[in-house]
Amino acid sequence: MLFGTVELESEQRQLEDELNEVAGLIEDCIKENARVALDQAEYEKRYNGLVERFDKANERLEEIKAQIAERQARGQQIEMFLKGLEKVGVVKEFDDDLFLALVERIEVGREKVVVRFKDGTKVEG
15 MLFGTVELES EQRQLEDELN EVAGLIEDCI KENARVALDQ AEYEKRYNGL
65 VERFDKANER LEEIKAQIAE RQARGQQIEM FLKGLEKVGV VKEFDDDLFL
115 ALVERIEVGR EKVVVRFKDG TKVEG
């Protein structure tokens with residue numbers, strides 16, 4: 015669930031539909047201006063509004079695609095991490111290699127210590 019992309023993929027499809035629809039509206043607007051004598055100020059206002067709508071949807075689509083890719087990569091990273099842990103089994107004594115494989119960094123402050131693991135979790139003490 016942490017790395018699920020179902021909702022994002024649904025939004026992606028909606029945005030792609032929106033982009034296709036707006037692209038069609040822009041094309042229709044241009045064709046209408048070519049066929050019919052329109053007030054150019056009104057045409058530009060309509061055209062610019064459609065282009066702005068397209069650009070906003072496209073920008074959001076790019077954000078969604080980046081989030082999907084990030085979640086998928088993170089999920090794969092966690093999966094590999096867990097498979098590595100399964101291979102290790104029960105740890106009975108300190109293992110340097112295991113420690114280095116698990117811990118990204120340790121932050122020591124005056125009032126607390128934070129251990130950040132490579133899977134993104136952190137433990138404060």
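Residue numbers (the working numbering): 15 to 139. Glycine included, each C-beta is placed from N, C-alpha and C at the ideal position.
What first and last residue would you give for the alpha helix (DSSP H) that runs through residue i?
i: Val-127; result: It is not in any alpha helix (DSSP H) - Val-127 instead sits in the beta strand (DSSP E) that spans 127-131.
Expressed to the nearest angstrom, what Euclidean distance is found between the alpha-carbon atoms of residue i and residue j?
i: Phe-68; j: Arg-74; result: 10 angstroms
i: Gly-98; j: Cys-43; result: 57 angstroms
i: Val-104; j: Gln-91; result: 21 angstroms
i: Asp-109; j: Met-94; result: 19 angstroms
i: Asp-46; j: Glu-84; result: First, the amino acid is wrong: residue 46 is Glu here, not Asp. The alpha-carbon atoms of Glu-46 and Glu-84 are separated by roughly 42 angstroms.
i: Arg-60; j: Gln-54; result: 10 angstroms
i: Gly-123; j: Lys-132; result: 20 angstroms
i: Leu-96; j: Glu-41; result: 51 angstroms
i: Ile-120; j: Gly-89; result: 23 angstroms
i: Gly-18; j: Arg-27; result: 16 angstroms
i: Leu-39; j: Leu-64; result: 7 angstroms
i: Val-102; j: Val-128; result: 24 angstroms
Hey, out of the options, whose CA is closest to residue i's CA?
i: Lys-79; options: Glu-138, Lys-132, Leu-29 and Lys-136; result: Leu-29
i: Gly-139; options: Lys-126, Arg-130 and Phe-131; result: Lys-126
i: Asn-62; options: Ala-83, Ala-37, Val-50 and Glu-84; result: Ala-37
i: Ala-87; options: Glu-32, Lys-45, Glu-25 and Gly-134; result: Gly-134
i: Glu-23; options: Val-128, Glu-77, Ile-40 and Gly-123; result: Glu-77
i: Glu-25; options: Phe-113, Ala-115, Glu-107 and Gln-81; result: Gln-81
i: Arg-130; options: Val-117, Asp-53, Leu-64 and Arg-49; result: Val-117
i: Asn-34; options: Lys-136, Asn-72, Lys-106 and Leu-52; result: Asn-72
State the start and end residues of the unbroken beta strand (DSSP E) segment that holds residue i.
i: Leu-119; result: Per the sequence presented here, residue 119 reads as Arg, with Leu not at that position. Run containing Arg-119: 117-122, per the beta strand (DSSP E) assignment.
Whole alpha helix (DSSP H) runs in the segment 26-108 with 4 or more residues, listed along the chain?
-> 54-102
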